[in-house]
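Numbering (the numbering used here), first residue to last: 65 to 802. Down below is the structure, laid out as structure tokens.
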């Protein structure tokens, strides 16, 4: 081979056809599993044991887990990765072991409380912890090494102790032994320098694929042909200006100047002589047959290629005269290889792919190639159906439309009717496909744990809610029976905040450190800002109830109510279709005074309700549902008016959005109208995606990878489908009208 860029093509072709081959310098030692595994381990030692790096090592390196852990049970690195994410590990040996042990304790507690077995996870956790403990112990010994011999011996010991033995590791072991001999030149060496030298050595040393003249076809550079004999020799890639290559002119030293130096520097024409000699040696190494080939077309530019001058010289050797280009096909032994994907009939195919394509080409009407391929591969048939469904103007099951009795939704819808939260309906109004994945299929995305984010939005929201609940409860238990706040309110809020921060730290749910200290300061400032806002906007109402729940114990299967639910039953809402929904929920705070109630719901996330007294197309149902529940929970008291509001807590400002509960008949009619549309879509099995623009629903959605990048185009293609009409009128009349 004159051009080494042919190596990957030849390797791939021979591998597909099952033909063995020998290739010198196929891979570097750094590309082997053992070599790269060793380098990954050494990189961990001073990198802080980041989660991604540890999991890459565990997944790639050829660890002998059964011997290391003294167990016949199989080990699943994929499950280990999931457990590391559940444990919220980011980096650090201590955090790895502490977080995994804490997760084990939590799973044991859940197993005792729920009765659901977690043995698979617990067994995997035990194996993971024991493996990491041994790995960390081994890594600790490398940091004190300061001699070439001790570094090489430690690497060899690591291979022997941790990896499955493979004869292909011998070149790696020889490299390590030679590295240890550098001590003759320099006795002392730092660990980082030794690791760098090892990496360079492993990247430089090449190992062959197969055995020379024993493994099948020998793939060799032209320079290796001297003095070797083969029955058949193939020389591909004989393209004009490529082989022999035209040496570029030297702009600093012209050819005449080189000649004047009388052999001190090589001349351009000498390169042609060297390549001619290499070609002649390769030709002479063939004892029975010689095959010369060249491509006729550049697949990138469609530019026509012309054969090398060596091809014309081969023609001269055969016929005695140098043939012109148009006479090359007349040379003895010339064969034209078709550029078609298959060579002809199925009997001429060299691979499964060529055979299938040849069969498709030989079909007789009315048979079609698509029919043949679909019967051959059921997965292809499903993929074709999926693509056709995407391209059609109608909604299909591939877009979450599961109409008909065979959809299997009856049981799920029944459970939904008996116990529904306002948040669940808001999710359907936001995106029906989101509701389907989260609420019906119950797919739980595993969030990526980032060290730069001490608290995720859910954790931050729960923490703020808990602090404010405890703060107001303690105020009520003391003297707060009027709208005013005592002077010690700020100190009390700080004390409760610090107690909850400490509890969170002790639970291990947050990674402590500088970033957590910054986050604590931000939250403390946010809460004090809110208290200042409360003092400024204090009216005739005082905090009265906190975390008032209703229907929280309502059974999913429609069975008997729990004792807790009998006390605070679910709130029913009768729809115009003679259906009844039962709502459950928890009200953050209820204020009372002046013969009225104010329902308060705290918001700390990125979602913003923008308009007062609006259901926002079904995406803001909590306040009217809470008003409905409050009439049941507190209706027997002397209450003449009600209102509800969202309080958005953001650094620097507090924003409120109000929903007036009067006149109630109109509010309830509006709620029934919106909920009925949402429930009708759910009961009919309409769970199509609703992307709502690039900056809309998909930007922060946990399930956007499932929908893929083309979800907006698919949605736009199906806007005219009548099944989407009612939903679009509710959510965005402008989109529906277009």
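No residue lacks a Cβ here, since even glycine has one placed at the ideal position from N, Cα and C.
| Item | Value |
| --- | --- |
| Going by the CB atoms, is the gap between residue 161 and residue 259 shorter than 9 Å? | no |
| Can you look up residue 383 in the DSSP assignment and give me helix, strand or coil? | helix |
| Return the first residue and the last residue of the alpha helix (DSSP H) that residue 743 is part of. | 728-747 |
| Mind listing, in chain order, the continuous beta strand (DSSP E) runs of no fewer than 3 residues lying wholly within the stretch 284-320? | 294-299 |
| In three-state DSSP terms, what is residue 814? | This structure gives no information on residue 814, because the portion of the chain shown stretches from 65 to 802. |
| Should residue 252 go down as buried or exposed, given a rule of 16 or more other Cβ atoms within 10 Å for buried? | exposed |
| For residue 432, name the three-state secondary structure that DSSP assigns. | coil |
| Do three or more CB pairs link the stretch 602-617 to the stretch 655-663 at distances below 8 Å? | yes |
| How many Å lie between residue 620 and residue 596 at the Cα? | Low confidence applies here, because residue 620 scores a pLDDT of 40, under 50, leaving its location unreliable and the question unanswered by this model. |
| By how many angstroms is the C-alpha of residue 756 removed from the C-alpha of residue 788? | 14 Å |
| Would you call the CB atoms of residue 241 and residue 265 closer than 9 Å? | no |
| Rounded to the nearest angstrom, how far is the Cβ of residue 457 from that of residue 784, given a contact under 8 Å? | 6 Å |
| Kindly indicate the opening and closing residues of the beta strand (DSSP E) around residue 270. | 270-273 |
| According to the neighbour-count rule (16 or more other Cβ atoms, all chains shown, within 10 Å of its Cβ), is residue 400 buried or exposed? | exposed |
| Can you name the start and end residues of the beta strand (DSSP E) that residue 88 belongs to? | 85-92 |
| Measuring CB to CB, does residue 125 end up less than 9 Å from residue 226? | yes |
| Among 149, 202 and 81, which one has its Cα closest to the Cα of residue 132? | 202 |
| What residue range is occupied by the uninterrupted alpha helix (DSSP H) comprising residue 601? | 578-601 |
| Residues in the same chain with beta-carbon distance under 6 Å from residue 310, minus the five sequence neighbours each way, listed in chain order, please. | none |
| Straight-line CA distance for residue 168 to residue 200? | 20 Å |
| Fully enclosed by the stretch 123-190, which alpha helix (DSSP H) runs are 4 residues long or longer? | 129-133, 141-150 and 157-178 |
| Below 8 Å on the Cβ atoms is my guess for residue 795 versus residue 681; work out the distance and round it to an integer in Å. | 4 Å |
| Exposed or buried, what is residue 130 when buried is set at 16 or more other beta-carbons lying within 10 Å of its beta-carbon? | exposed |
| Where in the stretch 655-692 do unbroken runs of the beta strand (DSSP E), each at least 3 residues long, occur, reported from the N-terminal end onward? | 660-667 |
| Would you please state the rounded distance, in angstroms, between the beta carbons of residue 775 and residue 762? I believe it to be under 8 Å. | 7 Å |
| Taking the alpha carbon of residue 409 as the reference point, which residue from 192, 403 and 425 has its own alpha carbon closest? | 425 |
| Can you tell me where the beta strand (DSSP E) holding residue 720 begins and where it ends? | 717-724 |
| Reducing DSSP to helix, strand and coil, say where residue 416 ends up. | helix |
| Less than 9 Å between the beta carbons of residue 730 and residue 688, yes or no? | no |
| Output the boundary residues of the beta strand (DSSP E) element that contains residue 553. | That residue, residue 553, is in no beta strand (DSSP E); its alpha helix (DSSP H) goes 553-571. |
| Note the first and the last residue of the continuous alpha helix (DSSP H) segment covering residue 709. | Unbroken run through residue 709 is the beta strand (DSSP E), 705-714; no alpha helix (DSSP H). |
| So, with DSSP's three-state summary, where would you put residue 47? | The structure shown does not extend to residue 47, since the chain is modelled only from 65 to 802, so the question has no answer here. |
| Would you check if the distance between the CB atom of residue 464 and the CB atom of residue 136 is smaller than 9 Å? | no |
| DSSP three-state call for residue 814: helix, strand or coil? | This structure gives no information on residue 814, because the portion of the chain shown stretches from 65 to 802. |
| Please look up how many angstroms separate the CB atoms of residue 485 and residue 669, rounded, as I've assumed it's under 8 Å. | In fact, because the Cβ distance is near 16 Å, the residues do not count as touching under 8 Å. |
| Whole angstroms are fine: how far does the CA of residue 477 sit from the CA of residue 510? | 26 Å |
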